[in-house]
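Encoded as structure tokens, the structure appears first; notes follow it.
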Amino acid sequence: MKENFTYPMNPDWTTDELIKVMGIWQAVERAYESKIDVDEFVDTYKEFKSVVKSIGEERQLGRDFEDVSGYSLYRVVTVAKKKQTGIIKRKDLDNGK
Numbered sequence: 160m161k162e163n164f165t166y167p168m169n170p171d172w173t174t175d176e177l178i179k180v181m182g183i184w185q186a187v188e189r190a191y192e193s194k195i196d197v198d199e200f201v202d203t204y205k206e207f208k209s210v211v212k213s214i215g216e217e218r219q220l221g222r223d224f225e226d227v228s229g230y231s232l233y234r235v236v237t238v239a240k241k242k243q244t245g246i247i248k249r250k251d252l253d254n255g256k
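Once you know that position 17 of the sequence shown is 176 in the numbering used here, the rest is easy, because the numbers rise by one and skip nothing.
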């Protein structure tokens with residue numbers, strides 16, 4: 160992971176929306192750096208989707224985040240959908256590469 164990067168954000172979002180979007184980036188970081196419960200990640204992802212409704216915007220933000228962090232939102236979402244319960248760990252994310 161690159162250090163000292165900024166999260167991809169839209170300056171038009173409200174404070175509440177910014178918090179929800181920051182939550183997904185923090186959840187992705189946790190999945191890669193330690194672990195995160197699938198249910199917790201899914202809840203955070205639902206909050207994110209309440210702000211970012213467009214799949215195109217989600218993909219663009221995900222690419223922007225991966226460019227600055229090295230962590231893939233898409234990969235964590237895919238693993239969460241596949242597992243449905245339990246814990247997501249770094250090894251779960253590395254197995255798909």
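For each residue, glycine too, the CB sits at the ideal point set by N, CA and C.
- Burial state of residue 231 is buried, judged by a 10 Å Cβ sphere holding 16 or more other Cβ atoms.
- Where residue 253 is concerned, there is no enclosing beta strand (DSSP E), although the alpha helix (DSSP H) around it starts and stops at 249-253.
- Within the region 188-237, the runs of beta strand (DSSP E) at least 3 residues long that lie entirely inside it are, in chain order, 194-196.
- Here residue 246 is bridged, per DSSP, to 196.
- Excluding residues up to 5 positions away in sequence, 194, 195, 196 and 197 lie with their Cβ nearer than 8 Å to the Cβ of residue 246 in the same chain.
- Each residue's CA atom was taken as its position, placing residue 223 and residue 215 some 12 Å apart.
- By the criterion of at least three beta-carbon pairs nearer than 8 Å, the region 164-181 is not in contact with the region 235-246.
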